[in-house]
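Below: the structure, in structure tokens.
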Amino acid sequence: MTWFVYMLLCADGSLYTGVTTDIKRRIKEHNSGDKGAKYTKARRPVELVYQEPCSTRSQAQAREFVVRNLSKTAKHELLGSV
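Structure below.
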């Protein structure tokens, strides 16, 4: 099973980072469902701006930690490299 680290652009211009095995389902949850993160519920709609495949959940979570801790400038540079 492939895991993904993903980044969403929120309506207020902020970025949200998460992990999932099903990006389409997860974005739908962020935009409409009760399962979306508390952070994104107040910042809808959200748009997928980055995805990175990982082979395991632990690898995805480790990469998510790295991406979440990047500066805003570094995150935008990462988006520009895609």
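In terms of the UniProt record's numbering, the sequence shown has 77 at position 77, counting the first letter as 1, and numbering is strictly consecutive. Think of the CB as a built atom: it goes at the ideal place given N, C-alpha and C, for glycine as much as any other residue.
> Can you tell which of TRP3, TYR16, LEU48 and CYS10 has the C-alpha that lies nearest to the C-alpha of LEU70?
Replying inline: As a first step, residue 70 must be located in the sequence shown, where it is residue number 70. Measuring from the Cα of LEU70, the nearest candidate turns out to be TYR16.
> Do you know how far the Cα of PRO53 is from the Cα of ILE27?
Replying inline: Along the sequence shown, one-based indexing puts residue 27 at 27. Along the sequence shown, one-based indexing puts residue 53 at 53. ILE27 and PRO53: Cα-Cα distance of roughly 16 Å.
> Should VAL5 and ARG68 be called a contact, given that it needs their Cβ atoms to be closer than 7 Å?
Replying inline: Within the sequence shown, the letter at position 5 stands for residue 5. Within the sequence shown, the letter at position 68 stands for residue 68. Cβ distance not < 7 Å, so VAL5 and ARG68 don't count as in contact.
> Does the distance from the CB of VAL66 to the CB of LEU8 come in under 7 Å?
Replying inline: Position 66 of the sequence shown, counting from 1, holds the residue named residue 66. Position 8 of the sequence shown, counting from 1, holds the residue named residue 8. No. Outside cutoff.
>> Using the Cβ count rule (16 or more neighbours within 10 Å means buried), how would you classify GLU60?
In response: In the sequence shown, the residue the question calls residue 60 occupies position 60. Correcting the residue type first, residue 60 is Ala in the shown sequence and not Glu. Buried, because 16 or more other Cβ atoms sit within 10 Å of the Cβ of ALA60.
>> Only counting the same chain, and skipping five residues up and downstream in sequence, which positions put a Cβ closer than 8 Å to that of MET1?
In response: Here the question's residue 1 lines up with position 1 in the sequence shown. Counting only Cβ-Cβ distances below 8 Å, and skipping sequence neighbours, we find THR21.
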